[in-house]
Amino acid sequence: MFDRPASGTRALLVRLDFGEGQTALRLEELKELALSAGAAVLGTVSGRRAKPDPAFFAGRGKVDEIAEQCRLTGADLVLFDHPLTGVQQRNLEQALKCRVLDRVGLILDIFAQRARSAEGKLQVELAQLKHLSTRLVGGWTHLERQKGGIGLRGGPGETQLEVDRRLITQRIKRLNAQLAKLTRTRQTQSRTRARARVRTLALVGYTNAGKSTLFNQLTREQLHAADQLFATLDTTLRRLPIPGAQTIVLSDTVGFIRDLPHDLVVAFRATLSEAAEADLLLHVIDASNPQRDEQIDAVNQVLDEIGAGERPQLRILNKIDRAALAPGIERDGYGRIQTVRLSALTGEGCSDLRLALAEIFPSAEFSDRGSEPFREETEVLSVSPGSSN
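Mind the numbering: the sequence shown is residues 9 to 397 in our numbering, read in order.
Written out as structure tokens, the structure is:
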């Protein structure tokens, strides 16, 4: 039998290329995730394979290389930039004699550290339990058979594995019930805003694109904003006063990332419903990031998954101070606003965004026409995922 190693903080990063390329950039993002989780990165290991190994994900030679790097650097945690099965994780921990965590587990750990509200904690716990339920494999000493049954000496009883699975299933059921109540509350609040003829805007974008900084700049709030991944988890709504515009409520949502764990998307569906039901999505993009096109695709993929893929979008090219871009508004051939360039940190270009929103949602037109044509007038803002910035 094998006892799982205690969790470590001195990390070695592993990324294997199965033909996708961009190994250096993916390792850099994995490093940012590790630092956000509080780990110290001591080194990296990369390689190429045609396909994952069923037992170890990496080949046996690569596993030996990882073990040697752990010995040389003193790493007690190995982070894979890939999803691992429960069997692969167990086999790797047996071979490396240290804790192994995959990309999904790392993101879940960050979310667990960041959750502050009661709803956020419930959502993270639900995602963690769903993830754990897929890796209950008989490889650790606590998963031994418990004596039970009837008779003088009793039968073989129920394995701890079966007990764990049943307890997890029961807890998941209770969490789903609690989150269902919160979902109904959100739906009631959304209907109330609709009756009051309030426009709802949702900030969406890749994690660390600057959504919370922009939210603070526009609303004069002081939400936590940091140069790290997933600095904000809990959704916040504030009124956004803009002269000449209709009543607008702005919501800040959790950031997205490529390969966002499906269990997290499901667990945070109630929170992300703010984006799915918004009149307009403000898609915040880090203009200085060399992978911004891939990040845009990743955000649109998550939006599709939560049912917000068809919502109108206004793209916000943020961090122009780092990208050497001028602030301003970009329009298509019909004069419709497509993109606003700004810096949420310095405030440069934020006045252009306010003017754009006043043009999109003018107060006079709203009072004349009422709330019925909500969708028609915003649909023209829709930007196809493949369009360039």
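Even for Gly, the Cβ is constructed at its ideal location relative to N, Cα and C. Just so it is clear, the structure is predicted and the values come from calculations on it, not from any experiment.
6 Å CB neighbourhood of residue i in its chain, flanking five on each side removed
i	result
Leu245	Val257 and Ser259
Phe65	Leu92 and Gln96
Val71	Phe64 and Ala103
Ala331	Ala295 and Ser296
Phe374	Here the model assigns Phe374 a pLDDT of 44, short of 50, so the residue's position is not dependable and the matter cannot be decided.
Outcome for residue i when other beta-carbon atoms lying within 10 angstroms are tallied against a minimum of 16
i	result
Gly82	exposed
Val171	exposed
Lys105	exposed
Lys138	buried
Gln121	exposed
Ser351	buried
Ala188	exposed
Tyr214	buried
Gly341	exposed
Ala126	exposed
His150	The predicted model places His150 with a pLDDT of 46, which falls under 50 and marks its position as unreliable; any figure quoted below should be read in that light. With fewer than 16 other Cβ atoms within 10 Å, it is exposed.
Arg153	Confidence in Arg153 is poor, its pLDDT being 46 and thus under 50, which makes the residue's placement unreliable; the coordinate value appears in the next sentence. So Arg153 ends up on the exposed side.
Thr221	buried
Neighbourhood of residue i by C-beta distance below 7 Å, restricted to the same chain and skipping five residues each side
i	result
Ala47	Thr17, Ala19 and Leu85
Gln186	Leu130
Gln225	Ala352, Gly355 and Cys358
Asp271	Ala135, Lys138 and His139
Asp61	Gly67
Anticipated Cβ contact below 8 Å, residue i with residue j, distance rounded
i	j	result
Glu302	Ile328	No, Glu302 and Ile328 are not in contact; Cβ-Cβ is about 20 Å, not under 8 Å.
Gly252	Ser371	6 Å
Val463	Val307	No information on residue 463 is available, as it lies outside the stretch 9 to 397 that the chain covers here.
Thr52	Leu21	4 Å
Leu87	Leu38	6 Å
Ile314	Leu280	5 Å
Arg266	Leu289	With 8 Å as the limit, Arg266 and Leu289 do not qualify as a contact, their Cβ atoms being about 18 Å apart.
Gly143	Gly94	It should be pointed out that residue 143 corresponds to Arg in this sequence rather than to Gly. About 3 Å; that satisfies the 8 Å criterion.
Leu248	Thr261	Wrong, their Cβ atoms sit about 15 Å apart, outside the cutoff.
Val112	Leu100	With 8 Å as the limit, Val112 and Leu100 do not qualify as a contact, their Cβ atoms being about 15 Å apart.
Arg362	Ile250	5 Å
Asp287	Leu175	Wrong, their Cβ atoms sit about 43 Å apart, outside the cutoff.
Identity of the residue in the options nearest residue i by Cα
i	options	result
Gly218	His139, Arg266 and Asp294	Asp294
Arg300	Ala332, Leu325 and Glu127	Leu325
Leu322	Val212, Thr196 and Arg122	Val212
Arg344	Ile368, Pro269 and Leu350	Ile368
Pro269	Leu116, Glu36 and Gly94	Leu116
Ala366	Glu282, His291, Ser296 and Arg207	Arg207
Arg476	Leu50, Gln30 and Ser54	This structure does not reach residue 476, given that the chain is present from 9 up to 397, and the question cannot be answered.
Glu28	Asp89, Pro62, Glu76 and Gly341	Asp89
Phe26	Arg57, Leu35 and Leu248	Arg57
Arg179	Leu222, Glu133 and Arg194	Glu133
Ala123	Glu73, Phe276 and Arg205	Phe276
DSSP three-state assignment for residue i, whether helix, strand or coil
i	result
Val274	helix
Ala210	strand
Ala283	helix
Asp110	coil
Leu24	strand
Phe119	helix
Asn99	helix
Phe65	strand
Gly55	strand
Ser371	helix
Arg174	helix
Ala86	A small correction: the amino acid at residue 86 is Val; Ala does not occupy that position in the sequence shown. Strand, per DSSP.
Gln321	strand
Phe238	coil
Leu151	Low confidence applies to Leu151: its pLDDT is 44, below 50, so where it sits in the model is not reliable, and the reading given next is rough at best. Looking at Leu151 - three-state DSSP - the assignment turns out to be coil, as it is neither helix nor strand.
Gly94	helix
Gln230	coil
Leu353	coil
Asp260	strand
Arg377	Reliability of the predicted coordinates at Arg377 is poor, the pLDDT of 42 falling under 50, and no value is obtained from them.
Asp72	helix
Arg18	strand
Cβ shell of residue i (< 8 Å), same chain only, five flanking positions each side left out
i	result
Ile118	Leu41, Ser44, Ala45, Leu237 and Phe238
Ala334	Ile328 and Arg349
Gln230	Asn224
Gly336	Val348, Arg349, Gly357 and Asp360
Asp376	Note that Asp376 scores 46 on pLDDT, short of 50, meaning its location in the model is unreliable; the coordinates nonetheless yield the value given after this. No residues qualify anywhere along the chain.
Leu183	Leu130, Glu133, Leu134 and Leu137
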